[in-house]
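Chemist: Per my numbering, the sequence shown runs over residues 403 to 741.
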Amino acid sequence: MPSPTSARAHIIPVFLPMAGCSYRCIYCDQHTITTTQQPLLPAALAEHVAAYTATRKSAPDEPLPLVAFYGGSFAQLPLCVIEQWIHAVAALEYSGKIGGFVCSARPDGWRAEIFELLRRATCQRVELGIQSTNQDILQRAGRPPITNSEIRTLLNTLREHGISPGVQLMFGLPGENRHTWQATMQDTLAWQPDTLRLYPALVLAGTLLEAMWRQGNYQPPTLTEAVNACADAFVQCTEYGITVLRAGLQDSTTLRQQIVAGPWHPAFGELIRSECYRRQLLALPPTVTAIAVHPHEISALIGHGKSNSDLLTGLRVERDQTVVRGKILWRQELSRTTL
Numbered sequence: 403m404p405s406p407t408s409a410r411a412h413i414i415p416v417f418l419p420m421a422g423c424s425y426r427c428i429y430c431d432q433h434t435i436t437t438t439q440q441p442l443l444p445a446a447l448a449e450h451v452a453a454y455t456a457t458r459k460s461a462p463d464e465p466l467p468l469v470a471f472y473g474g475s476f477a478q479l480p481l482c483v484i485e486q487w488i489h490a491v492a493a494l495e496y497s498g499k500i501g502g503f504v505c506s507a508r509p510d511g512w513r514a515e516i517f518e519l520l521r522r523a524t525c526q527r528v529e530l531g532i533q534s535t536n537q538d539i540l541q542r543a544g545r546p547p548i549t550n551s552e553i554r555t556l557l558n559t560l561r562e563h564g565i566s567p568g569v570q571l572m573f574g575l576p577g578e579n580r581h582t583w584q585a586t587m588q589d590t591l592a593w594q595p596d597t598l599r600l601y602p603a604l605v606l607a608g609t610l611l612e613a614m615w616r617q618g619n620y621q622p623p624t625l626t627e628a629v630n631a632c633a634d635a636f637v638q639c640t641e642y643g644i645t646v647l648r649a650g651l652q653d654s655t656t657l658r659q660q661i662v663a664g665p666w667h668p669a670f671g672e673l674i675r676s677e678c679y680r681r682q683l684l685a686l687p688p689t690v691t692a693i694a695v696h697p698h699e700i701s702a703l704i705g706h707g708k709s710n711s712d713l714l715t716g717l718r719v720e721r722d723q724t725v726v727r728g729k730i731l732w733r734q735e736l737s738r739t740t741l
């Protein structure tokens with residue numbers, strides 16, 4: 403069974419750009435996104451893990467790190483390649499270096515034997531790149547059709563094999579609007595995945611999406627639109643107990659050089675969390691004089707660039723470990739600690 407702490411374990415990424423992908427989506431350039439031109443081989447995994455762990459000091463109560471296979475579709479790799487990676491992971495797990503692995507994969511093209519293989523290999527989590535549940539959007543993005551029922555079955559099958567199911571969504575693909583995004587979110591909430599990653603659609607050089615944009619056939623969302631849409635998703639996930647692992651792509655010089663259009667910001671996730679707190683602050687009754695948040699959420703509460711400072715005037719804040727992260731607790735009798 404996957405560890406309940408796997409969502410907070412340190413991740414050691416192993417990028418396999420486009421590996422296992424039988425087609426290329428119009429927005430995708432994994433070599434740029436992962437800044438990886440030459441993928442790692444299974445024989446080099448131990449050295450890769452050692453290099454990562456040597457530069458990082460773990461907290462006493464922190465779970466063992468997890469190897470994460472990203473950038474491709476792990477479940478669609480040739481069976482012999484999957485087994486090579488699993489053997490490399492097993493050796494590190496046996497020696498106490500890692501606690502297992504997670505991976506990302508497409509929702510289509512799953513073979514029945516893969517589920518049992520991942521279960522026996524102590525795979526902690528599989529994140530499915532769904533992007534959208536709107537069939538027109540998927541078709542425009544160059545992805546094969548897949549029904550909500552098929553996705554639900556896949557997620558449930560992962561659970562039955564003791565693997566935590568995660569979902570990855572992308573806002574702003576061609577054909578996207580408020581209604582299609584909300585429909586995708588409602589579908590996602592109904593599936594009840596354990597985790598979610600949110601990405602805005604970015605126009606990268608050399609992709610088919612760039613060609614559409616230059617021809618005037620695609621207009622990416624603005625940064626404000628993307629932040630608001632992803633904040634909507636973040637709020638809903640918080641209410642449903644779904645952990646948002648990340649919002650936005652990891653910043654890198656290579657990525658910045660390849661972005662030609664779209665709602666890019668190096669602190670995209672922080673903008674979303676700031677917006678979520680701003681909405682809660684605006685909804686406070688006027689008589690409230692004290693609020694409580696989790697101690698690790700103070701920065702997000704204040705907001706990126708202190709964007710929420712105007713709404714905190716006159717309020718006092720209590721740091722409370724018991725408050726759910728992402729939420730504000732308020733009651734007039736709260737003890738008051740000045741920020």
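Backbone N, C-alpha and C define an ideal beta-carbon position, used for all residues, glycine too.
If you follow the alpha helix (DSSP H) that T689 is part of, which residue opens it and which one closes it?
Modeler: No alpha helix (DSSP H) holds T689; DSSP gives it neither H nor E.
Chemist: Could you tell me which whole beta strand (DSSP E) segments of length 3 or greater appear in the region 553 to 607?
Modeler: Counting whole runs of 3 or more residues, the region 553 to 607 contains the beta strand (DSSP E) stretches 566 to 573 and 597 to 602.
Chemist: Since L731 sits in a beta bridge, which residues does DSSP pair it with?
Modeler: Answer is A694.
Chemist: Between the Cα of L651 and the Cα atoms of A411, F573 and L610, which residue gives the shortest distance?
Modeler: For the residues A411, F573 and L610, the minimum Cα distance to L651 belongs to F573.
Chemist: Which residue wins for smallest C-alpha separation from C505, given the options A421, L604, P547 and L575?
Modeler: Closest by alpha carbon: A421.
Chemist: Output the residue ranges of the beta strand (DSSP E) runs that lie fully inside the region 476 to 553 and measure 3 residues or longer, sorted by chain position.
Modeler: Within the region 476 to 553, the complete beta strand (DSSP E) runs of at least 3 residues are 503 to 507 and 525 to 533.
Chemist: Considering Y472, what are the terminal residues of the alpha helix (DSSP H) in which it resides?
Modeler: Premise fails: Y472 lies in the beta strand (DSSP E), L468 to Y472, not in any alpha helix (DSSP H).
Chemist: Quick check: the Cα distance between G643 and P444, rounded to an integer number of angstroms?
Modeler: Distance between the alpha carbons of G643 and P444: 35 Å.
Chemist: Quickly, what does DSSP pair A628 with across the bridge? List them, please.
Modeler: Answer is none; A628 lacks a bridge partner.
Chemist: Ignore the nearest five residues each way along the sequence and tell me which others in E415's own chain have a CB closer than 7 Å to its CB.
Modeler: This sequence places Pro at residue 415; Glu is not what is there. So the qualifying residues of the chain are A470 and Y472.
Chemist: Whole angstroms are fine: how far does the CA of E485 sit from the CA of R554?
Modeler: Approximately 26 Å, taken between the alpha carbons.
Chemist: Please state whether the Cβ-Cβ distance between E529 and R599 is less than 8 Å.
Modeler: Yes; because the gap between Cβ atoms is below 8 Å, this pair is in contact.
Chemist: Going by C-alpha distance, which of S475, Y429 and I500 is nearest H450?
Modeler: Minimum Cα distance to H450 is reached at I500.
Chemist: Using only the alpha-carbon positions, how far apart do T407 and L466 sit?
Modeler: Residue placement at T407 cannot be trusted, given a pLDDT of 48 that sits under 50; what the coordinates show is reported in the next sentence. About 10 Å.
Chemist: Kindly list the residues whose CB is nearer than 8 Å to the CB of S475, restricted to its own chain and excluding five residues on each side of it in sequence; keep chain order.
Modeler: If we look at S475 and ignore the five residues flanking it on each side, its Cβ neighbours are A421, G422, C423, S506, A507, R508, G511 and G531.
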